[in-house]
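Everything on this sheet refers to the single structure shown next.
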Amino acid sequence: MKVTVLTGGVGGAKLVLGLLQVLPAADVTAIVNTGDDFRHIGLHVSPDIDTLLYTLSGKANPALGWGRADESWNFLDTLRAMGGPDWFALGDRDLALHVLRTARLAQGQGLDAITADFARAMGIGAAIVPMTNDCVATQLDTDEGRLDFQHYFVARRCTPHVRQVHFDGADAARPAPGVIAAIHGADAVLVAPSNPFLSIDPLLAVPGIADALVATPAPVVAISPIIAGKAVKGPTAKLMAELGIALANRSIAAHYGAWIDGLVIDLGDDAPPGLAIARTETLMRDHADKARVAQVALDLAASIAG
Ligand code: GDP
């Protein structure tokens, strides 16, 4: 069963880890948000791709929720001592990825090819595909003015009040090679329980991706990031409140609209009308949780496909 997953960082990586327990790795393709990508001290950083690479290869730092386990910080300490910017932490081991990616991009190589090589080098069997090789930058209109995503997320710790979200450059972006084929050719398309507004919307803003989701013969099943009226982590809940959107599954369903066929929701939560629904505990703490949520989503997709 070929499965394509639309994903951001942490929430999505957990689902992909679950899929890899129940499917052969060669059947799994993750299409990853790159709206959070940015340049920092000359380096091209791709936070969501890196979260997938580190999580799927068992190198992620679960305590921090980003970066690598077993990390040291000599580079950052030295940078700070030299008066350099230390608001975005780059660990010594993590640094290699950013340096190599930046050098290869400067030689004219595509982010898709670079990411595929990194995944191979880390022993990851699933395909990890950026949504686009072009530059798309998530920006937020806030009460402090327009902020780049990483400035809002890391430097300002999501405190500014968000009025609107923009995906700068999306209009002219093209889906990365393989993205549209992975949506059309899948037996099931899953939307990870990632932040709909900051992690999934950038993908939908790349011309061609939303159309492919409408046109694909595959059932499309989303996993809700909302559990008991709360978001598991990150700025999802705060952002939804600021945008005037109720923290409920019906909001997630309405936001995605007609291209999703099914929704996986937590046991006691609201079931939006007009969609195929599967219920399970959707909080993915351990390997067993991840495998169960992935299997429930696949079973729902199979039942929709008939
Ligand atoms: P980021 O790019 O690293 O911020 O991560 P994502 O956008 O992929 O994920 C953030 C979202 O994932 C948040 O809205 C969380 O509510 C959701 N999330 C994280 N872990 C889980 C989980 O175990 N279950 C569910 N249902 N949602 C989760």
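So in the numbering used here, spot 158 of the sequence shown is number 158, and the numbers just go up one at a time.
Ideal Cβ placement from N, Cα and C applies to all residues, glycine included.
Here the structure is a predicted model, which is why all the values come from computation and not from measurement.
In the DSSP output, which residue or residues are listed as bridge partners for Arg-39? His-44
Taking 8 Å as the threshold (C-beta atoms), are Leu-15 and Val-307 in contact? The structure shown has nothing for residue 307, since the chain only spans 1 to 306.
Is Ser-303 a contact residue of ligand 1, with contact defined as CB to any heavy atom under 7 Å? no
Can you say whether Arg-80 is buried or exposed, counting buried as having 16 or more other CB atoms within 10 angstroms of its CB? exposed
Closest Cα partner of Asp-309 within the set Val-165, Lys-2 and Ala-188: Summary: the structure shown does not reach residue 309, with the chain confined to residues 1 through 306, and so no result is reported for it.
For a test of your reading of the model: does the CB of Thr-18 fall under 7 Å from any non-hydrogen atom of ligand 1? Yes or no. First, the residue type needs correcting, since residue 18 is Gly and not Thr in the sequence shown. Checking the Cβ of Gly-18 against ligand 1 gives no.
Every unbroken alpha helix (DSSP H) inside the stretch 208 to 280 [4 residues or more]: For the alpha helix (DSSP H) assignment, the uninterrupted runs of no fewer than 4 residues enclosed by the stretch 208 to 280 are, from N- to C-terminal side, 209 to 215, 236 to 242 and 249 to 256.
Decide if the stretch 49 to 62 is in contact with the stretch 144 to 163; the criterion is three or more beta carbon pairs, one per stretch, under 8 Å apart. no
Residue closest to Ser-194, alpha-carbon to alpha-carbon, out of Ala-210, Pro-207, Leu-203 and Ala-155: Leu-203
Is the separation between the beta-carbon of Pro-272 and that of Leu-263 shorter than 8 Å? The Cβ atoms of Pro-272 and Leu-263 sit closer than 8 Å to each other.
On the DSSP letters alone, give me the boundaries of the alpha helix (DSSP H) that Leu-202 sits inside. With the sequence shown as reference, residue 202 is identified as Pro, and Leu is not the correct amino acid for it. Note, Pro-202: alpha helix (DSSP H), 201 to 205.
Helix, strand or coil: which one does DSSP assign to Pro-85? coil
With 16 other Cβ atoms within 10 Å as the buried cut-off, status of Lys-233: exposed
Could you check if Asp-50 belongs to the surroundings of ligand 1, using beta carbon to heavy atom distance under 7 Å? No; taking the cut-off as 7 Å, the Cβ of Asp-50 has no heavy atom of ligand 1 nearer than that.
Quick check on DSSP: helix, strand or coil for Asp-148? strand
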